[in-house]
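Read through the structure below, which is laid out as structure tokens, and then see the notes.
Number of protein chains: 4
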Amino acid sequence: MQIGMMGLGRMGYNMALRLMAGGHEVVAYDVNRDSVAALEAQGAVPASSVDDLVAKLKPPRAIWLMLPAAVTEGAVRDLSTRLSPDDIIIDGGNSNYRKAVDLAGELSTASIHFVDVGTSGGVWGKERGYCLMIGGDEAAVARLDPIFATLSPGGDPALSTAERGYFHCGPPGAGHFVKMIHNGIEYGMMAAFAEGLNVLKSANAGSVARKADAETSPLDEPQYYRYDFDVAGITEVWRHASVISSWLLDLTAAALAADPNLANYQGHVSDSGEGRWTLKAAIDTSVPVPVLSSALFGRFTSRGNDEFANKVLSAMRQAFGGHIERKPQEESH
Amino acid sequence: MQIGMMGLGRMGYNMALRLMAGGHEVVAYDVNRDSVAALEAQGAVPASSVDDLVAKLKPPRAIWLMLPAAVTEGAVRDLSTRLSPDDIIIDGGNSNYRKAVDLAGELSTASIHFVDVGTSGGVWGKERGYCLMIGGDEAAVARLDPIFATLSPGGDPALSTAERGYFHCGPPGAGHFVKMIHNGIEYGMMAAFAEGLNVLKSANAGSVARKADAETSPLDEPQYYRYDFDVAGITEVWRHASVISSWLLDLTAAALAADPNLANYQGHVSDSGEGRWTLKAAIDTSVPVPVLSSALFGRFTSRGNDEFANKVLSAMRQAFGGHIERKPQEESH
Amino acid sequence: MQIGMMGLGRMGYNMALRLMAGGHEVVAYDVNRDSVAALEAQGAVPASSVDDLVAKLKPPRAIWLMLPAAVTEGAVRDLSTRLSPDDIIIDGGNSNYRKAVDLAGELSTASIHFVDVGTSGGVWGKERGYCLMIGGDEAAVARLDPIFATLSPGGDPALSTAERGYFHCGPPGAGHFVKMIHNGIEYGMMAAFAEGLNVLKSANAGSVARKADAETSPLDEPQYYRYDFDVAGITEVWRHASVISSWLLDLTAAALAADPNLANYQGHVSDSGEGRWTLKAAIDTSVPVPVLSSALFGRFTSRGNDEFANKVLSAMRQAFGGHIERKPQEESH
Amino acid sequence: MQIGMMGLGRMGYNMALRLMAGGHEVVAYDVNRDSVAALEAQGAVPASSVDDLVAKLKPPRAIWLMLPAAVTEGAVRDLSTRLSPDDIIIDGGNSNYRKAVDLAGELSTASIHFVDVGTSGGVWGKERGYCLMIGGDEAAVARLDPIFATLSPGGDPALSTAERGYFHCGPPGAGHFVKMIHNGIEYGMMAAFAEGLNVLKSANAGSVARKADAETSPLDEPQYYRYDFDVAGITEVWRHASVISSWLLDLTAAALAADPNLANYQGHVSDSGEGRWTLKAAIDTSVPVPVLSSALFGRFTSRGNDEFANKVLSAMRQAFGGHIERKPQEESH
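See below:
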């Protein structure tokens, strides 16, 4: 079927390619004209403006937005003023599901459908297909079935859509809600691996001298910490029939095989919002999420945001115990 | 090759079957004679006592122990007194790696080898193979290669052993250390899924009345919490090309497909030790593990071990604020 | 000076008494007529309705609201329609500071001042005075100085107001923001005591038999856990010159002296909102708060809200390892 | 009474002064002869060696050790060989309580008493007195009562010893166990303050521009984060009748009054062992301590020990999503 694609960044561009490979007609728009031209060379119909995009689509239209979360809401509202009843706007980005609830309500007064699609798969999705978590009204979601079937990994049509990689999770917002939880879980899984590997990396602590003074806790039994582990080999073996085998482990093993010290990374870890929203949803509904929150806070800390808190601790220690702060190079780990 | 198997519980019995299917001769012993008889019926050489087990093995012997952590240490010491120089004792159970360090040192004075093997794969290992994390001296580990090759999932012999599912991680204790970290990570991953699914289950909180009084925080925006999610469908769709696809997710989706409410479970979650040891190793080596510790503490709490702490909180709240403790049935979630 | 008091619950009633004892004239209103009558008997001017309350106050008026968070916003809006320019509405309850920002903006269009006051001190405040954290515009806050000076613990007028127990923290919302953080810290401190005391209570674990099987981690060194601690005596001694001496410790020691087992409590711990809002503010501003969040989630868990998560864990354990869930009475702690 | 003091560091020196001021005779020894000379100038009897210390004390002797945890055990064993039956060795340092259990058992075979005393109060103890948590056998503890009464803050002799600041907590190890828990709680309280103050410091995030791109979560409602808080004033007001009033708050307010930005500190926070031991005790006894562990891990992280974990996260993010790691100076907080 025909579909408009707005936003040709890393994700949108690849999704358009997969859709065209699946036989769909893609009308493409991006503020970056080079991206539009590049996709035109791959077979897309180019649009030079939002109005041009709308004009080149036959009603009832379906336009898929793949934009940064911060600009999506405005783009939806702007686009909706140019559309006709029964058109569909799809937000496939990492938006807060609350905006889907609000926007669907607003757009319904103009009989425009709003469908929110959580999209997982990253840069691998073009080849492997995308896992799609879908929210919206039945009619609109049903109309888009050919699109979802192409974007997802696919499989025997006799299987359920969930088994083929796409699932209608509920009314507007449900898709982004489920994607939000997906990412919350993702943060937790990533942190579990990261923490475990960090302990492995430190398992040679017994071969390193630690000072013995009132400021430093001695390592009592160094004989138990004299391992120099090959973390690349270990993550590789875990991939084979262990309980923690997973796609994240596959990627981690590959990264460690390339460089066991990951020296190209600084360890300043961004977060794009879903982890935060997951926490807020948990707070609102009184659900304890100590693991998911620890994973998120670890990212905040990786960017140095615990600095003032730590200064407060040092000031307290000096105040009650006369402890002079140790310099990092004096630290024994 | 010939191998002795001591301990024919859930794990040991299945491993013996896989070894025999791979052409090895298994001499089997267990305090439970029925288990020995059952395995004899499958082709094993039965042993009626530890001495009989030792007698039926040709030197240099290799004896694999698959026993509960609490009795393994004693069994190793007892067995070692009956063995000859160059024999190998293998501990494949969930023992603390520190015991492997100690035992290997002790046994080396009698020229007996001690090999510790962390074994992952659970009840599925008989068919899928076991992921093996191995610690011990080079010579002993090399001699056992045919055993490891059969127990592991296997693959093209041109591949590294890690790619075929077994890996010599380092000197004595290294195998159990790596298995310990594996399980620590496993706890974290499991908790990440469990917490995320709990939020999904609670996403209908806006459809449930919450009291408005000084004791209870109101749910300000109920319109965002009116989802009745199909958790079985959602976990199924996540299995297909999402970032969190994993074996644990496969198992979870199957369990939720069977019963989305998991009504057969009470939610009292045991732990068998590795999570605790992971934390202690992290503490000794000054490595922060907030996610892994949260996962472990969640299990302690699932068994009611936070009770006195919570009573202290209630007592404090009554003392400073006159707050009378709300009864559970009055709770609004 | 003259002040209206609306909401004569536990807090409002006592604050009115303290104000009258300080020489102020209190015009009192509550939906509960008995409370109004009781306060009238103590010297207050009774009001039979909101209109009556407004009528009995001389402009420019000052009306202090002490209401549950869930009804405060509506009450402020309703009240504001009955007031005149330059009147002041004070919200002394546990409201979300965001509402203060919004309400102050709305009311300013009618030249009505909105002052938000975070109030700490609980049921002890009538005698000890209340710690007051104040937000609002300079002029309104200055006009209320006699009220604040009476409600707070007080002291030498030569001291700063902070040293006498009240502080103008900033523009509208600043008072409730600071109170929110105060309560977030309070949750963390309370949990620190509760957890530590729980470990003390469990220090006799070595005198209790623990099972040795594959499901249970053995207690390796029981000789280190044979203490039957007198928690009442311990909390009492900590009150005297220890680093953790604090008002919360004073209250805890008193509660434990009355009953070291706190048998009158169930351990279902409510939360009234500020802990949640603190977390959300931390999330919005990317500040890691692992301790404050752990404290909040512990309260959620105390009310059983981890149940579905724990069932997921049990289902996973059965799926990969064949672990049959242990019943609580079989648990060894 | 007469007492030997071994170890004249920050704590031991001050305790000796307090003891002498209370009328006791102190025989003093330290490897640092200058410290001995300084204390001699204050009235102490100097000892030039351990043997000299023993020789100058009249049997039955009492010798108080105030040494770094790492050297205490050896010093006790060495000293014990020079003592006579019925002598008492007191360890007042921050030793692991397990060592007290072991040492008391060993020394009892020579009829030497071992008393472990947890000591809180820091550099302020000389004036305020020390909070003493005591473990050991009844007879030895009773004999030392005059010493404890002088070191502690004191009070009406009609009060219990707990009310005067010292308490016999139980058999050997009980004193250090209780001090360990005290410090575990202390870590949690400190972190609660530090985290809360960090949120206050960041409450101006809405006045700072945050980027809008796919890597960065936008701050949706900047109007709620425009506060420039006076943290010194806020901590000061909290000291007066708030629920979180405490000695740690007193010290924090003083530090912030001196410099609200704490610019003299780097925020690398040491830990001296008790926090770690508290966690291990909690793990052994299956007690959940999410707050205390979060506080400890925050200190590990303050020293950069999360580095490899964060690199793993960055490597994963690049692998699945093509996310290029943002440099710190590009971070929007």
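Chains as they are written, first to last, in our numbering: chain A, 542 to 874; chain B, 542 to 874; chain C, 542 to 874; chain D, 542 to 874. Backbone N, C-alpha and C define an ideal beta-carbon position, used for all residues, glycine too. Note that the structure is a prediction, hence the values are computed from the model and not measured.
With a contact defined as Cβ atoms closer than 8 Å, B/M721 and A/M730 miss out at about 19 Å.
DSSP places A/S649 inside the alpha helix (DSSP H), whose first and last residues are Y638 to S649. Counting C-beta pairs with one atom in each stretch, the segment 663 to 675 of chain A and the segment 550 to 568 of chain A have three or more that are closer than 8 Å, which means they touch. Straight across, the Cα-Cα distance linking C/V740 with C/F838 is about 19 Å.
Separation of D/R559 and D/P609 (C-alpha to C-alpha, rounded to the nearest whole angstrom) is 20 Å.
Only those residues of the segment 558 to 577 of chain A whose C-beta falls short of 8 Å from the nearest C-beta of chain B would be listed, and there are none. The beta carbons of D/P694 and D/R669 sit closer together than 8 Å.
Interface annotation, A/S589: not in contact with chain B, CB-CB separation never under 8 Å. When beta bridges are read from the DSSP output, A/H709 appears opposite A/I675. Proximity of chain D to C/W788 at the Cβ level (cut-off 9 Å) is accounted for by A782, S783, V784, I785, S786 and S787, in chain order.
For A/D627 and A/I604, the gap between their C-alpha atoms comes out near 12 Å.
Residues of chain B whose Cβ lies closer than 7 Å to the Cβ of D/N846 are, in chain order, S827, V828 and P829. C/A557 is positioned such that its CB atom lies no closer than 8 Å to that of C/L594. The continuous beta strand (DSSP E) containing A/H654 extends over residues H654 to S661.
Under the Cβ criterion of 8 Å, B/T691 is not counted among the residues facing chain A. Nearest CB-CB separation between A/Q764 and chain D: not below the 8 Å threshold.
For B/E581, there is no enclosing beta strand (DSSP E); the enclosing alpha helix (DSSP H) covers residues R574 to A582. In this structure the segment 653 to 660 of chain A lies against the segment 705 to 724 of chain A, because at least three pairs of beta carbons, one per stretch, are closer than 8 Å.
Close to B/G696, with beta-carbon spacing below 9 Å, lies no residue of chain C; the smallest spacing is near 22 Å. For chain D, the residues of the segment 792 to 822 of chain B that bring a beta carbon within less than 7 Å of one of its beta carbons are R817, L820 and K821, in chain order. Annotation: the continuous beta strand (DSSP E) that includes A/Y570 extends over E566 to Y570. About 4 Å separates the CB atoms of A/Y806 and D/K852; that is less than 8 Å, so the two are in contact. In the DSSP secondary-structure assignment, D/P587 is bridged to D/A569. Within chain C, the residues whose beta carbon sits less than 9 Å from that of D/M674 are I775, V778, W779 and S783, listed in sequence order. Listed along the chain, the chain A residues whose CB falls inside 8 Å of the CB of D/P759 are A610, A611 and G814. Within chain A, the residues R817, L820, K821 and L837 have their CB atoms less than 8 Å from the CB of C/I824, given in chain order.
Among the CB atoms of chain C, none fall inside 8 Å of the CB of A/S636. At a Cβ-Cβ threshold of 8 Å, A/G725 and A/G676 do not count as neighbours. Counting along the chain, no alpha helix (DSSP H) covers B/D847, and no H or E run does either. Taking C-beta separations shorter than 6 Å and ignoring five residues to either side along the sequence, the partners of B/A645 in its chain run F655 and P713, following chain order. The C-alpha of C/I653 lies about 11 Å from the C-alpha of C/D678.
Using a 10 angstroms sphere on the CB of D/T793, the tally of other CB atoms reaches 16 or more, which defines it as buried. Check the Cα spacing between B/G845 and each of B/A596, B/F861, B/H809 and B/E727: the tightest is with B/H809. Interface annotation, A/T650: not in contact with chain C, CB-CB separation never under 8 Å. Cβ atoms of D/N745 and D/Y768 come within 8 Å of each other, at about 6 Å. In this structure, B/A782 lies near A/C672, with their beta-carbon atoms less than 8 Å apart.
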